[in-house]
């Protein structure tokens with residue numbers, strides 16, 4: 001690393017390799033700052049009803065220059081969706097409060113706001129359903145009358161929609177002895193006796209069978225979604241904050257019936273994303289508006305729209321764990337009910353990952369998982385830091401502690417006894433490699449001074465594994481510039497996680513030059529080679545190898561070097577067998593706390609997380625990722641929850657929806673577990689899932705068995721009351 | 727849109743009399759949110775930022791707090807911290823330093839937002855608001871100033887110019903119950919201020935305005951847990967609670983008794 005000064009506005013200065021991070025000095029132009037000269041402003045008109053049909057728009061109050069766009073203007077455009085093509089650009093049949101039903105375009109933002117408020121909409125309202133289990137009942141309305149599929153390259157696995165139900169995808173795991181049974185398509189009852197698979201538990205002497213819930217939550221990126229679109233000589237150019245430039249390119253090309261090469265996506269650094277800026281959000285309507293008006297158009301969402309644009313999937317997870325009296329785990333059964341809201345988005349993928357992450361890093365003779373991705377009339381759920389793993393790890397790690405209580409054994413030792421070790425086989429058939437669960441468990445336990453069979457009042461631990469998007473492809477190119485510097489061309493988007501710095505450091509390391517010899521090109525689909533997307537903590541893992549190859553290629557061939565890495569895999573949706581993940585995100589957490597018995601307030605003295613990172617590219621950056629994940633996990637555990645009344649979100653602002661503040665994180669400490677010479681492991685989310693159950697187990701050790709996140713003081717007191725009453 | 731920048735109280739009062747619809751902007755932390763959410767719109771705005779005479783903080787006799795004195799000053803001023811520690815604590819409890827650096831005494835009272843920290847302590851401390859208009863000046867006890875959700879006893883042309891807090895003769899305690907982030911507003915806001923053998927307990931942030939029940943307070947025996955518990959339970963049962971994101975009415979009813987008891991034991995020991 002060089003110590004020379006670098007100008008914040010110099011080319012490639014989106015990293016903080018030297019000097020002050022330009023994110024702090026306002027040295028970055030974000031998509032929200034951008035703007036194309038002469039562009040008009042778009043406001044989306046959103047549904048006031050959770051389900052129904054628009055019967056008319058009254059637009060007579062609009063000035064002549066205002067361009068009004070209605071569902072009639074999108075009739076020719078095909079459906080889209082990253083995993084299921086169930087969306088249209090503007091819908092006449094809204095499926096949630098906030099669904100885009102029309103738009104106005106005006107010369108100024110103020111004009112656009114006024115115009116949007118002047119459009120009167122009449123509706124024919126229909127019955128709506130919000131709860132994931134209510135949506136499975138026979139009498140429930142169908143959110144989508146029929147199931148769709150998608151050609152998008154974001155869907156790597158076969159969909160299993162269940163006809164005549166709101167289940168748009170069903171993912172199952174059945175270990176070998178549990179296949180070929182006569183089973184119902186969808187288990188709708190949380191007390192179902194599970195007769196077809198009951199023999200999986202024949203050897204179990206103790207069974208714990210419990211249900212846990214997590215609510216919808218918000219990503220809260222500082223920067224709202226901001227898109228700028230323009231048509232130039234028949235080509236579509238979009239400057240937007242997105243984690244998925246190449247998916248965006250393909251999907252927009254599909255919508256507008258043009259070649260992918262005729263769509264250009266440019267991604268300036270984003271002011272946060274956390275999964276909220278994946279796949280098409282406002283880009284399609286913005287591009288359509290630009291085409292209709294023949295001028296550049298810009299769309300920036302208000303904060304309440306950001307809250308409603310995409311959320312974390314609410315989920316109900318039932319876990320059944322069977323063990324022998326000596327503590328050996330025998331079987332695990334999971335039913336995950338994943339509320340994907342009005343549109344599937346990447347819900348099927350989230351359901352899959354929620355399904356296998358809930359199995360946890362343990363050995364079992366038998367595993368059966370049913371994970372259902374369910375439509376409701378809530379805002380769509382989508383990618384969210386932790387990607388489904390959090391919801392099921394919350395349930396499954398609480399159940400491990402309940403099993404320890406039932407058996408009367410130490411909760412850490414029970415985990416140790418059953419952990420997956422090098423060479424063990426996971427429920428997907430994958431053989432574990434580079435497994436460090438025991439070390440992570442011991443590290444977390446030590447952080448709260450856990451004594452074997454000692455007094456654990458107020459202490460909790462949790463451990464988990466999480467997969468990475470697989471299959472997955474990354475390409476990178478390095479080009480020698482005329483001035484002797486190297487330009488790194490890669491589609492990894494910088495959203496505050498340090499992507500540019502990562503690319504800079506790795507390129508310099510591989511080319512054996514100083515970091516100030518490296519320039520990083522922002523993702524621009526006209527200039528950078530293909531990459532799957534910047535999600536699932538995959539980028540450093542994938543790009544480190546692609547860059548290594550590119551550097552080697554460049555050194556060998558002169559001016560340009562190309563690197564390409566590809567991980568094959570995927571899971572069979574009916575058996576869950578295959579390759580879930582090319583490498584595993586392994587993490588543990590622990591908590592030490594007290595509960596105020598009169599108010600239910602939880603006070604943490606220690607919140608610790610330990611994550612396996614393999615080789616670390618940027619130690620400071622890795623630590624920040626870990627702290628960010630823990631901060632999100634803390635908010636998830638204690639207070640983050642989107643609330644709805646009749647489908648209308650009631651807290652879409654930062655006063656009524658709290659995220660953790662600087663004052664909340666004093667108890668946080670952590671370890672990024674390095675292993676020099678190992679491969680680079682993803683780290684962006686690993687510390688999210690184990691935090692809520694570590695806190696939950698600590699709270700439960702004091703006699704408050706809370707099943708529902710967040711663990712608000714009120715729920716803590718109610719849990720004690722319910723226990724006393726039963 | 728016109729942004730008026732008067733430099734004297736007289737000028738503010740004349741502007742307001744001429745533009746009764748013009749919002750008066752002090753720190754802007756509350757109005758800023760309302761404007762962003764489209765809940766407040768106006769052609770004329772009156773800013774107090776250049777009115778120096780509203781920024782005075784004096785401690786001769788009563789504590790005299792100009793309407794434009796910030797929360798942060800009340801929190802950190804050594805004299806306030808030393809002599810009026812309860813007041814200092816209540817302002818310290820608000821949000822974050824970023825907010826406290828700009829939010830003002832006049833603003834927090836004029837907004838009459840039920841979920842603020844300072845009002846319960848100001849009522850418990852027998853604070854009085856001095857209020858001016860072109861028609862003259864009057865004093866309103868803070869207890870009578872806040873009359874309900876976002877509503878005060880102020881007439882349309884009146885401006886809070888300063889708040890007077892009598893010099894305390896006993897201890898004061900402020901208890902803020904946070905149920906979410908540490909930067910959150912209170913789920914309950916309990917102030918207890920002792921004067922001789924008597925106490926004023928005020929409960930805020932749980933209903934439309936702060937509540938004080940003198941007849942209940944009259945039963946107080948300093949340091950006596952039983953009396954503290956009984957007063958807490960009586961307070962808990964008399965208030966008509968609201969539900970919000972920080973807690974249900976049922977939860978608030980459960981914790982108000984606890985918080986009042988704890989405040990009384992803290993001031994009475």
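Residue numbers (the working numbering), protein chains in the order written: chain A, 1 to 726; chain B, 727 to 995.
Glycine included, C-beta positions come from ideal geometry on N, C-alpha and C.
query                                                                                                                        : result
Beta-bridge partners of residue 772 of chain B, as assigned by DSSP                                                          : B:730, B:750
Cβ-based contacts, 7 Å cut-off: residues of the stretch 899-918 of chain B near chain A                                      : 903, 905, 906, 907, 908, 909, 910
Straight-line Cα distance separating residue 409 of chain A from residue 204 of chain A                                      : 16 Å
Contacts that residue 717 of chain A makes with chain B (C-beta to C-beta distance below 9 Å)                                : 977, 980, 981
For residue 591 of chain A, the residue or residues it bridges with in DSSP                                                  : A:460, A:607
CB contact below 9 Å: residue 820 of chain B versus chain A                                                                  : no
For residue 711 of chain A, three-class secondary structure by DSSP                                                          : coil
Interface positions of the stretch 638-653 of chain A facing chain B (Cβ-Cβ less than 9 Å), listed along the chain           : 638, 639, 640, 641, 643, 650, 651, 653
Member of B:983, B:887, B:974, B:975 whose CA lies at the smallest distance from the CA of residue 778 of chain B            : B:887
Where residue 812 of chain B falls: helix, strand or coil (DSSP)                                                             : helix
DSSP three-state assignment for residue 346 of chain A, whether helix, strand or coil                                        : coil
Cutoff 9 Å: residue 884 of chain B Cβ touching any chain A Cβ                                                                : no
Cβ-based burial, residue 368 of chain A [other Cβ within 10 Å; buried from 16]                                               : buried
Residues, ordered as in the chain, of the stretch 734-756 of chain B that lie near chain A by beta-carbon distance below 7 Å : none
Closer than 7 Å at the beta carbon, the chain B residues around residue 314 of chain A                                       : Within 7 Å Cβ-Cβ: nothing; residue 314 of chain A doesn't reach chain B, min ~17 Å.
Nearest-angstrom Cα separation, counted from residue 413 of chain A out to residue 753 of chain A                            : Residue coverage of chain A in this structure runs from 1 to 726, which leaves residue 753 of chain A outside it and unanswerable.
Contact the stretch 615-635 of chain A vs the stretch 290-309 of chain A: 3+ CB pairs below 8 Å                              : no
Euclidean distance between Cα positions of residue 415 of chain A and residue 878 of chain B                                 : 60 Å
CB contact below 9 Å: residue 775 of chain B versus chain E                                                                  : No chain E appears in the structure shown, which is made up of the protein chains A and B.
For residue 612 of chain A, three-class secondary structure by DSSP                                                          : strand
The beta strand (DSSP E) enclosing residue 299 of chain A, as first and last residue numbers                                 : 297-300
Beta-carbon gap between residue 635 of chain A and residue 656 of chain A smaller than 9 Å                                   : no
Backbone secondary structure at residue 961 of chain B - three-state DSSP                                                    : helix
Short Cβ contact (9 Å threshold) for residue 682 of chain A with residue 585 of chain A                                      : yes
Start-to-end residues for the beta strand (DSSP E) that takes in residue 168 of chain A                                      : 167-174
Beta-carbon separation (whole angstroms), residue 588 of chain A vs residue 441 of chain A, contact threshold 8 Å            : 6 Å
Start-to-end residues for the beta strand (DSSP E) that takes in residue 403 of chain A                                      : Counting along the chain, residue 403 of chain A falls outside any beta strand (DSSP E), though it belongs to the alpha helix (DSSP H) covering 389-407.
Within chain B, the residues that residue 601 of chain A reaches when beta carbons sit closer than 8 Å                       : 903, 904, 905
Distance between residue 399 of chain A and residue 358 of chain A (C-alpha atoms, nearest Å)                                : 11 Å
Of the residues A:504, A:508, A:510, A:650, the one placed nearest residue 522 of chain A, counting alpha carbons only       : A:504
Beta-carbon spacing of residue 350 of chain A, residue 212 of chain A below 9 Å                                              : no
Cβ of residue 843 of chain B within 9 Å of any chain A Cβ                                                                    : no
Beta-carbon neighbours of residue 933 of chain B, restricted to chain A and to distances below 9 Å                           : Simply none; closest approach about 17 Å.
Sufficient close CB pairs (3 or more, under 8 Å) joining the stretch 497-512 of chain A to the stretch 240-250 of chain A    : no
Residue environment, residue 24 of chain A, which counts as buried when at least 16 other CB atoms sit within 10 Å           : exposed
Within 8 Å of chain A by C-beta, residues of the stretch 806-834 of chain B in sequence order                                : 822
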